[in-house]
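A.B. asks: There's a structure below that I have some questions on.
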Amino acid sequence: MRRIKGLEVTTSIFLILISALMGFAKPNLPDVNGFIVWTSNRDGDWEIFRMNLDGTDRKQLTRNNSPDTTAKISPDGRMIAWTRERRGRREVWVMNADGSNQHKVVSNASMGIWLSRSEIVIFRGRNEVETYVHDLKSGSERRIWPPKGARLRPREVRGATPSLNGRYFVGWSPNPRGTWIFSSDGRFQKHIHGGCEGHFAPDGSFVYWVMSPGTFGKASLKGEISGELYKVDQNKMWYGHTYFPQLSPDMRYLVYGACPNNQHDHNTSDYEIFLMRMKGLKPAWSWPLRLTYHPKTDRWPDIFIQGGKGRSRERVRSGLIALYAFTEGKGTVVHDISGVNPPLNLRIKDPKAIRWIKGDNGVEFVKSSMIISEGGAEKLLRKLRSTGKLSIEVWVQPANLRQTGPSRIVSMSKDPLNRDFTLGQIKSDIAYRLRTTKTNPNGIPELDTTSRVLDGGVVHLVATYDGRVKHLYVNGVRHPESQRMSGDFRKWNSFPLIIGNEATGDRTWLGKVFLVAIYDRPLRPDEVMRNYRAGWRIER
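Each residue of the sequence shown is one higher than the one before, starting from 67 at the first, in the working numbering.
Below is the structure:
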């Protein structure tokens with residue numbers, strides 16, 4: 067045993083010296099607390115391994131005769147989920163980050179990504195053509211891909227993976243071959259490139275993928291190629307055939323696999339794991355740091371940085387006074403889950419006109435109706451009067467772009483002429499009315515957009531007021547149209563909070579509502595973007 071250990075150490079030293087001569091001089095690794103996991107067949111079978119970023123504490127986490135692959139680290143770094151294949155069938159397993167408490171959680175599926183501490187994305191069906199969200203706490207599942215009724219140009223989309231907010235999917239198709247990006251409803255479809263292994267950036271702002279062996283490409287959420295995330299000079303680096311890219315949650319590090327330039331096969335080539343420091347999404351080191359030294363295949367790495375932010379669904383809580391996530395799935399009551407007492411629960415007035423959306427959090431207004439508080443929204447009145455500022459946030463999808471009035475998406479009002487605030491739709495634009503001591507009782511003058519901010523798809527809207535200016539944010543970005551005004555909320559009245567209509571029932575809005583939130587302060591631009599990236603699905 068001593069001779070074997072000595073031989074392994076000698077071999078490792080030899081490989082390190084050779085790699086330094088071949089352009090793999092080890093860069094200085096900053097004091098960062100993190101680890102990677104990856105798949106290797108170094109013991110004769112595919113197993114999961116773990117190692118700290120500084121190369122210490124390398125350990126084998128799984129030991130069995132079944133192939134274990136595609137390990138993914140949970141957002142908090144405490145758990146690892148992976149795919150195990152037994153008797154020709156795939157299963158999803160979960161364990162603690164130290165390898166303990168290994169147990170199966172899903173049959174007949176393979177692992178995708180973590181959405182939150184308790185939700186994972188899994189793939190089912192032949193060639194992984196169906197995507198589901200699996201709740202580890204309840205065991206429940208909902209299918210999120212392919213979208214029902216959508217006409218997809220690719221005949222088959224494999225491993226369709228959602229962005230954290232659920233608005234987009236990235237996947238690979240054999241025909242037309244390559245990486246594709248889609249909107250969640252399938253209306254938008256774009257063939258990015260002929261490469262593979264598409265991922266969303268941890269902050270949800272772009273897509274990256276294997277553009278070619280040696281190059282990881284970068285594209286916008288509309289599928290427009292915006293350059294290279296990372297490119298290896300294959301004339302200088304022997305291990306220049308790169309695959310399996312994975313950005314750290316804070317996007318400060320890129321971990322990937324690479325094999326010699328004259329190899330390619332993912333099962334037999336000498337893939338090793340490398341680390342590159344990123345700064346401003348550009349390589350910050352002259353050379354990558356090589357983390358593994360073994361002639362077998364090391365592939366599919368994932369990375370966790372302690373304290374690194376990015377891959378989580380945590381929403382802004384500061385200033386939140388009312389939150390409706392429509393997680394009930396049935397019944398006539400929509401609960402205020404903000405945690406701010408007393409809860410301002412809402413009631414569905416006509417259940418036949420409002421349907422709970424199957425497989426998702428939300429309701430659909432199919433006929434004229436409303437969801438309304440019982441009596442005045444006293445909690446909102448008290449909180450908002452005291453600050454004179456607010457934010458109104460919604461995730462919605464209009465049924466059509468012909469609605470006008472404006473049609474009321476969410477309102478705190480008495481009738482068409484008296485209100486505290488209203489966010490409404492005028493065809494493909496948004497109307498934002500807010501009553502202050504300087505406006506009339508109807509909240510006029512109002513902010514009306516004129517640039518067609520709605521396209522018929524799911525949209526994230528945030529309307530803010532800071533005491534001087536009304537702003538509107540669309541899908542995380544501040545809209546250029548704003549309105550200067552003044553005044554506070556001292557003249558507000560105890561009107562009910564209403565979704566989908568006016569209290570008088572004559573300002574009908576039709577469509578889907580996924581989330582409504584009210585804050586007693588204006589959200590900052592970075593906070594709006596944080597909520598946009600978090601999406602509408604709330605853990606309860």
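Glycine residues also receive a C-beta, built at the ideal position from the N, C-alpha and C atoms.
Hey, quick one: how far does the alpha helix (DSSP H) through residue 303 stretch, first residue to last?
C.D. replies: Position 237 of the sequence shown, counted from the first residue, corresponds to residue 303. Looking at the DSSP string, residue 303 is not in any alpha helix (DSSP H), and its letter there is neither H nor E.
A.B. asks: With 8 Å as the threshold, decide whether the Cβ of residue 444 is near any Cβ in chain D.
C.D. replies: The structure shown contains no chain D; it is built from a single protein chain.
A.B. asks: Could you spell out the range, first to last residue, of the alpha helix (DSSP H) harbouring residue 452?
C.D. replies: Looking up residue 452 in the sequence shown gives position 386. Run containing residue 452: 444–453, per the alpha helix (DSSP H) assignment.
A.B. asks: Considering only their Cβ atoms, is the gap separating residue 139 from residue 127 smaller than 8 Å?
C.D. replies: As a first step, residue 127 is located in the sequence shown; it is residue number 61 there, counting from the start. As a first step, residue 139 is located in the sequence shown; it is residue number 73 there, counting from the start. The answer is no: Cβ separation not under 8 Å.
A.B. asks: Going along the chain, which residues of its own chain have a beta-carbon closer than 8 Å to the beta-carbon of residue 330, five neighbours each way excluded?
C.D. replies: Locating residue 330 in the sequence shown gives position 264, where the first residue counts as 1. So the qualifying residues of the chain are 279 and 307.
A.B. asks: If you draw a straight line from the alpha carbon of residue 221 to that of residue 445, how long is it in whole angstroms?
C.D. replies: Start at 1 with the first residue of the sequence shown, and residue 221 comes out as number 155. Start at 1 with the first residue of the sequence shown, and residue 445 comes out as number 379. For residue 221 and residue 445, the distance between alpha carbons rounds to 52 Å.
A.B. asks: Taking the alpha carbon of residue 237 as the reference point, which residue from 216, 231, 392 and 212 has its own alpha carbon closest?
C.D. replies: For the purposes of this step, residue 237 is identified with residue 171 of the sequence shown, where counting begins at 1. Considering only alpha carbons, the answer is 212.
A.B. asks: When DSSP labels each residue in this structure, what does residue 137 get in the three-state scheme?
C.D. replies: The sequence position of residue 137 within the sequence shown is 71, counting from 1. Here residue 137 sits in strand by DSSP.
A.B. asks: Residue 279 lies in the beta strand (DSSP E); which residues open and close that run?
C.D. replies: Against the sequence shown, residue 279 aligns to sequence position 213. No beta strand (DSSP E) holds residue 279; DSSP gives it neither H nor E.
A.B. asks: Considering only C-alpha positions, which residue in the set 254, 250 and 261 is nearest to residue 241?
C.D. replies: Stepping through the sequence shown from its first residue, residue 241 is reached at position 175. When each option's Cα is compared against that of residue 241, the closest is 261.
A.B. asks: When the distance is taken between beta carbons, is residue 296 closer than 8 Å to residue 367?
C.D. replies: Along the sequence shown, read from residue 1 onward, the residue named residue 367 stands at position 301. Along the sequence shown, read from residue 1 onward, the residue named residue 296 stands at position 230. No, Cβ-Cβ distance for residue 367 and residue 296 is not below 8 Å.
A.B. asks: Which residues in the same chain have their Cβ closer than 7 Å to the Cβ of residue 423, if we skip the five residues on either side of it in sequence?
C.D. replies: Translated into the one-based positions of the sequence shown, residue 423 becomes position 357. Counting only Cβ-Cβ distances below 7 Å, and skipping sequence neighbours, we find 429, 430 and 578.
A.B. asks: Measuring straight from C-alpha to C-alpha, what distance separates residue 594 and residue 532?
C.D. replies: Residue numbering aside, residue 594 sits at position 528 when the sequence shown is read from its first letter. Residue numbering aside, residue 532 sits at position 466 when the sequence shown is read from its first letter. Looking at the two C-alpha atoms, the distance is approximately 14 Å.
A.B. asks: Can you list, in chain order, the residues of its chain whose CB lies under 7 Å from that of residue 364, leaving out five sequence neighbours each side?
C.D. replies: As a working mapping, residue 364 is identified with position 298 in the sequence shown. Contacts found: 104, 106, 323, 337, 338, 339 and 358.
A.B. asks: Using the Cα positions of residue 469 and residue 493, report the straight-line distance between them to the nearest angstrom.
C.D. replies: Within the sequence shown, the letter at position 403 stands for residue 469. Within the sequence shown, the letter at position 427 stands for residue 493. One C-alpha to the other measures close to 5 Å.
A.B. asks: I'd like to confirm the pairing. Which residues does DSSP put opposite residue 162 in its beta bridges?
C.D. replies: Against the sequence shown, residue 162 aligns to sequence position 96. Residue 162 pairs with 145.
A.B. asks: Tell whether a beta-carbon distance below 8 Å holds between residue 39 and residue 218.
C.D. replies: No answer is possible for residue 39: the residues shown for the chain start at 67 and end at 606.
A.B. asks: Does the region 456–467 come close enough to the region 581–591 that 3 or more CB-CB pairs lie under 8 Å?
C.D. replies: Judged by Cβ distances under 8 Å, the region 581–591 makes contact with the region 456–467, as three or more pairs qualify.
A.B. asks: Following the continuous beta strand (DSSP E) through residue 519, name the residue where it begins and the one where it ends.
C.D. replies: Taking the sequence shown and counting its residues from 1, one reaches residue 519 at position 453. No beta strand (DSSP E) contains residue 519, which DSSP labels as neither H nor E.
A.B. asks: Closest to residue 317 by C-alpha separation, out of 333, 345 and 507, would be which residue?
C.D. replies: Looking up residue 317 in the sequence shown gives position 251. Here the closest residue by C-alpha is 345.
A.B. asks: When burial is assigned at 16 or more other CB atoms within 10 Å of the CB, is residue 440 buried or exposed?
C.D. replies: Start at 1 with the first residue of the sequence shown, and residue 440 comes out as number 374. By the 10 Å Cβ count, residue 440 comes out exposed.
A.B. asks: Determine the closest residue to residue 111 out of 121, 117 and 133, with distance taken between C-alpha atoms.
C.D. replies: Your numbering for residue 111 matches position 45 in the sequence shown. Cα-wise, what sits closest to residue 111 is 133.
A.B. asks: Would DSSP call residue 253 helix, strand or coil?
C.D. replies: Residue mapping note: residue 253 aligns to position 187 of the sequence shown, counting from 1. If DSSP states are grouped into helix, strand and coil, residue 253 belongs with coil.
A.B. asks: Alpha carbon to alpha carbon, what distance is there between residue 571 and residue 142?
C.D. replies: Within the sequence shown, residue 142 is the residue found at index 76, counting from 1. Within the sequence shown, residue 571 is the residue found at index 505, counting from 1. So the alpha carbons of these two residues sit roughly 46 Å apart.
A.B. asks: So, with DSSP's three-state summary, where would you put residue 497?
C.D. replies: Taking the first residue of the sequence shown as position 1, residue 497 is located at position 431. DSSP places residue 497 in strand when its eight states are reduced to three.
A.B. asks: DSSP three-state call for residue 478: helix, strand or coil?
C.D. replies: Translated into positions along the sequence shown, residue 478 becomes position 412. Residue state, collapsed to three classes: strand.
A.B. asks: Just to confirm my understanding: we take residue 99, look at its own chain, exclude 5 residues before and 5 after, and list those with CB closer than 7 Å. What are they?
C.D. replies: Counting from one through the sequence shown, the residue named residue 99 turns up at place 33. These residues qualify, in order along the chain: 372.
A.B. asks: I need the straight-line Cα distance from residue 530 to residue 399, nearest angstrom please.
C.D. replies: What you label residue 530 is simply residue 464 of the sequence shown in a count that begins at 1. What you label residue 399 is simply residue 333 of the sequence shown in a count that begins at 1. Those two C-alpha atoms are separated by around 27 Å.
A.B. asks: Strictly by DSSP, which residues pair up with residue 399?
C.D. replies: As a position in the sequence shown, residue 399 is number 333, starting the count at 1. In DSSP, residue 399 forms a bridge with 413.
A.B. asks: Rounded to whole angstroms, what's the CA-CA distance from residue 546 to residue 512? Just pull it up for me.
C.D. replies: Start at 1 with the first residue of the sequence shown, and residue 546 comes out as number 480. Start at 1 with the first residue of the sequence shown, and residue 512 comes out as number 446. Roughly 15 Å separates the two Cα atoms.
A.B. asks: Buried or exposed: residue 483, going by 16 or more other Cβ atoms within 10 Å of its Cβ?
C.D. replies: Position 417 of the sequence shown, counted from the first residue, corresponds to residue 483. Burial call: exposed.
A.B. asks: Which residue spans inside the region 186–252 form an unbroken beta strand (DSSP E) run of at least 3?
C.D. replies: Qualifying beta strand (DSSP E) stretches, in chain order: 196–201, 207–211, 224–228, 234–240 and 243–249.
A.B. asks: Three-state secondary structure (DSSP) at residue 603?
C.D. replies: Looking up residue 603 in the sequence shown gives position 537. Here residue 603 sits in coil by DSSP.
A.B. asks: Tell whether a beta-carbon distance below 8 Å holds between residue 554 and residue 503.
C.D. replies: Locating residue 554 in the sequence shown gives position 488, counting from the first residue. Locating residue 503 in the sequence shown gives position 437, counting from the first residue. For residue 554 and residue 503, yes; Cβs fall inside 8 Å.
A.B. asks: What did DSSP end up calling residue 111 once you bin it into helix, strand or coil?
C.D. replies: Against the sequence shown, residue 111 aligns to sequence position 45. Residue 111: coil per DSSP, three-state reduction.
A.B. asks: So, at 7 Å on beta carbons, what are the nonlocal neighbours of residue 188 in its own chain, with the 5 sequence-adjacent residues on each side left out?
C.D. replies: Locating residue 188 in the sequence shown gives position 122, where the first residue counts as 1. Only 158, 172, 175, 176, 177, 178, 198 and 200 meet the Cβ criterion.
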